[in-house]
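Everything on this sheet refers to the single structure shown next.
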Amino acid sequence: MTDNAPYKIHEATGATGAAADETTDFGYRDVPLTEKKPLVRAVFDSVASRYDVMNDLMSLGVHRVWKRIFNAQLAPQPGLSLLDLAGGTGDVTFGWLAGGGGPAIMTDINEKMLSVGRDRAIARGYVSDLSFCVVDAEQIPLADRSVDRVTISFGLRNCTDKMAVLKEARRVLKPGGRFMCLEFSQVQVAALAPVYDAWSFKVLPTMGQLIAKDRDSYQYLAESIRMFPDQETLADMFREAGFAHVKYQSLSGGIAAIHSGWRL
C-alpha cells in the first residue's frame, strides 16, 4: 500500500487459515471463527449511514469528550505519521490532523464506513497528507517499522483475533512508536452498573430500531461490549504482544478506557 493519493480506497484481503471447527463470540452467540468478520461487516454496512447520529444518541455526546481526551494523549506532531485502524467515520484521524499531526492513513475493514469517513474528510477540506485503505487490522498491508503512531477506537472488540491486531500494530510501529486503543470497558462504579445495563439492553436496541431501522445490530453492539476484556486483562494482552510501558485510563466510571503501549 504505497499510493497516498487522497480519497483512494485500497482493498486488502486474505485468508486467516483458521480451522473449520474453531469458534468465537459474536455478541453472546458462539459462531464459527470464519463467520465473525462477515457478520461484523453486515452490522456496520447496516449502520454506516446513521453511525454518527447514533453515537451521539447512544453516549449522550460523551464519546466526543472521550475522543478529545484520546487525541490529546496521542499528542499529534507534524513529523509523526498515523495509522488509524477501524477508523470508521474519521473522528480520530480528523483530530490528529486538526491537532497538527503528520501524514495519516485512515483504515477500516468496512468499505461503507470508510466511504462515510472519506466524504466527511472532503467536506472538512482534508485533501492532503491523508489516504484511505480498506484494511483487516489482523493483516495490515504495511512494512515493518513504518509508522510512528497506531490507533484503534471502538473497533478492537469487533475483531476476531484481538491478539493478532495488537501484534500487527506493534510490527508496523517504528521503534519509539506508540499504540493507543479507545474502547468500551468494564464499569467500575457499582451504582452505575444497573443503569448502564438498562440503557445498553433496553434503550439502545429500541433507538436502533427507531432511528437506524436495525434493532439487531445495536443488540450485538451492546453484547460485544460485555464480551470484551476488562481493563487489566487488556493491559496484560498489550504486554503479551510485546508493548512496553503499558498503561490505561478508565473514563466515565469505566464505561470506556484508553490503553496505550510503546514499541521500544
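In terms of the working numbering, the sequence shown has 115 at position 135, counting the first letter as 1, and numbering is strictly consecutive.
Beta carbons are placed, not taken as given, at the ideal position from N, Cα and C, and that holds for glycine.
Here the structure is a predicted model, which means the values were calculated and not measured.
Can you tell which of K147, C113, I235, N35 has the C-alpha that lies nearest to the C-alpha of A66?
-> Taking the first residue of the sequence shown as position 1, residue 66 is located at position 86. Nearest C-alpha to A66: C113.
Going by CA-CA distance only, name the one from R243, V152, I132 that's closest to G70.
-> Reading the sequence shown from its first residue, position 90 is the one you call residue 70. If we check each option's Cα against that of G70, I132 comes out closest.
Can you give the Cα-Cα distance for V130 and L13, rounded to whole angstroms?
-> As a first step, residue 130 must be located in the sequence shown, where it is residue number 150. As a first step, residue 13 must be located in the sequence shown, where it is residue number 33. If you take the alpha carbons of V130 and L13, they lie about 26 angstroms apart.
R48 versus E163 - alpha carbon distance = Counting from one through the sequence shown, the residue named residue 48 turns up at place 68. Counting from one through the sequence shown, the residue named residue 163 turns up at place 183. The straight-line gap from Cα to Cα measures roughly 14 angstroms.
Leaving aside the five residues before and after G7 along the sequence, list all residues of the same chain whose C-beta is less than 6 angstroms from its C-beta, in chain order.
-> Position 27 of the sequence shown holds residue 7. The residues are Y200, E203, S204.
P83: buried (16+ other C-beta within 10 angstroms of its C-beta) or exposed?
-> For this step, residue 83 is matched to residue 103 along the sequence shown. The residue in question, P83, is buried, as its Cβ has 16 or more Cβ neighbours within 10 Å.
Return the first residue and the last residue of the beta strand (DSSP E) that W242 is part of.
-> As a position in the sequence shown, residue 242 is number 262, starting the count at 1. Taken as a continuous stretch (DSSP letters only), the beta strand (DSSP E) holding W242 covers 236 to 242.
Quick one: using the 10 Å Cβ neighbour count with 16 as the cut-off for buried, is V45 buried or exposed?
-> By 1-based counting over the sequence shown, the position of residue 45 is 65. With fewer than 16 other Cβ atoms within 10 Å, it is exposed.
Between P56 and G41, is the Cβ-Cβ spacing less than 7 angstroms?
-> Reading the sequence shown from its first residue, position 76 is the one you call residue 56. Reading the sequence shown from its first residue, position 61 is the one you call residue 41. Cβ atoms of P56 and G41: not closer than 7 angstroms.
What three-state label does DSSP hand K193 in the structure shown?
-> As a working mapping, residue 193 is identified with position 213 in the sequence shown. Coil at K193, not helix or strand.
Is D25 helix, strand or coil when you go by DSSP?
-> Translated into positions along the sequence shown, residue 25 becomes position 45. It is helical.
Residue span of the beta strand (DSSP E) that contains S133, given as start and end | Residue mapping note: residue 133 aligns to position 153 of the sequence shown, counting from 1. First-last of the beta strand (DSSP E) with S133: 127 to 133.
Neighbourhood of A123 by C-beta, 8 angstroms cutoff - its chain only, sequence neighbours within 5 removed | In the sequence shown, counting from the first residue as 1, residue 123 sits at position 143. V152, listed in sequence order.
DSSP on T228, reduced to helix/strand/coil?
-> Here residue 228 is taken as the residue at index 248 of the sequence shown, counted from 1. Reading off the sequence, residue 228 comes out as Tyr, not Thr. DSSP places Y228 in strand when its eight states are reduced to three.
Alpha carbon to alpha carbon, how far is F208 from S165?
-> If you number the sequence shown from 1, residue 208 lands on position 228. If you number the sequence shown from 1, residue 165 lands on position 185. Taking the straight line from one Cα to the other gives about 7 angstroms.
Alpha carbon to alpha carbon, how far is A224 from R243?
-> Start at 1 with the first residue of the sequence shown, and residue 224 comes out as number 244. Start at 1 with the first residue of the sequence shown, and residue 243 comes out as number 263. When rounded, the distance between both Cα atoms is 6 angstroms.
Go ahead and pull the three-state DSSP assignment for I205.
-> Position 225 of the sequence shown holds residue 205. Helix.
Return the Cβ separation of G188 and M34 in integer angstroms, given the expectation that the two are a contact with Cβ distance under 8 angstroms.
-> Along the sequence shown, read from residue 1 onward, the residue named residue 188 stands at position 208. Along the sequence shown, read from residue 1 onward, the residue named residue 34 stands at position 54. Yes, they are in contact, since the Cβ atoms of G188 and M34 sit about 7 angstroms apart, within 8 angstroms.
With respect to the alpha helix (DSSP H) encompassing R219, which residues constitute its N-terminal and C-terminal limits?
-> Reading the sequence shown from its first residue, position 239 is the one you call residue 219. 211 to 220 is the span of the alpha helix (DSSP H), which, as asked, contains R219.
Looking at C-beta atoms only, is the number of pairs between the stretch 138 to 158 and the stretch 226 to 243 that lie closer than 8 angstroms three or more?
-> yes
Once you ignore the five residues that flank F181 on each side, which residues in its own chain have a CB closer than 6 angstroms to its CB?
-> Stepping through the sequence shown from its first residue, residue 181 is reached at position 201. Closer than 6 angstroms at the Cβ level, and outside the excluded window around F181, lie A202.
K154 versus P174 - alpha carbon distance | In the sequence shown, the residue the question calls residue 154 occupies position 174. In the sequence shown, the residue the question calls residue 174 occupies position 194. If you take the alpha carbons of K154 and P174, they lie about 43 angstroms apart.
What is the DSSP secondary structure of S61, counted as helix, strand or coil?
-> Walking along the sequence shown from the start, residue 61 turns up at place 81. Three-state result, S61: coil.
With a threshold of 16 other CB atoms inside 10 Å of the CB of T140, please say whether the residue is buried or exposed.
-> As a working note, residue 140 is residue 160 in the sequence shown. Buried, because 16 or more other Cβ atoms sit within 10 Å of the Cβ of T140.
Selection from V127, Y176, R98 that minimises the alpha carbon distance to L60 = In the sequence shown, residue 60 corresponds to position 80, counting from 1. L60 has its Cα closest to that of V127, out of V127, Y176, R98.
Could you check what DSSP says for D10 in three-state terms: helix, strand or coil?
-> Numbered from 1 along the sequence shown, position 30 holds the residue referred to as residue 10. Here D10 sits in strand by DSSP.
With 16 other Cβ atoms within 10 Å as the buried cut-off, status of D64 | Along the sequence shown, one-based indexing puts residue 64 at 84. So D64 counts as buried.
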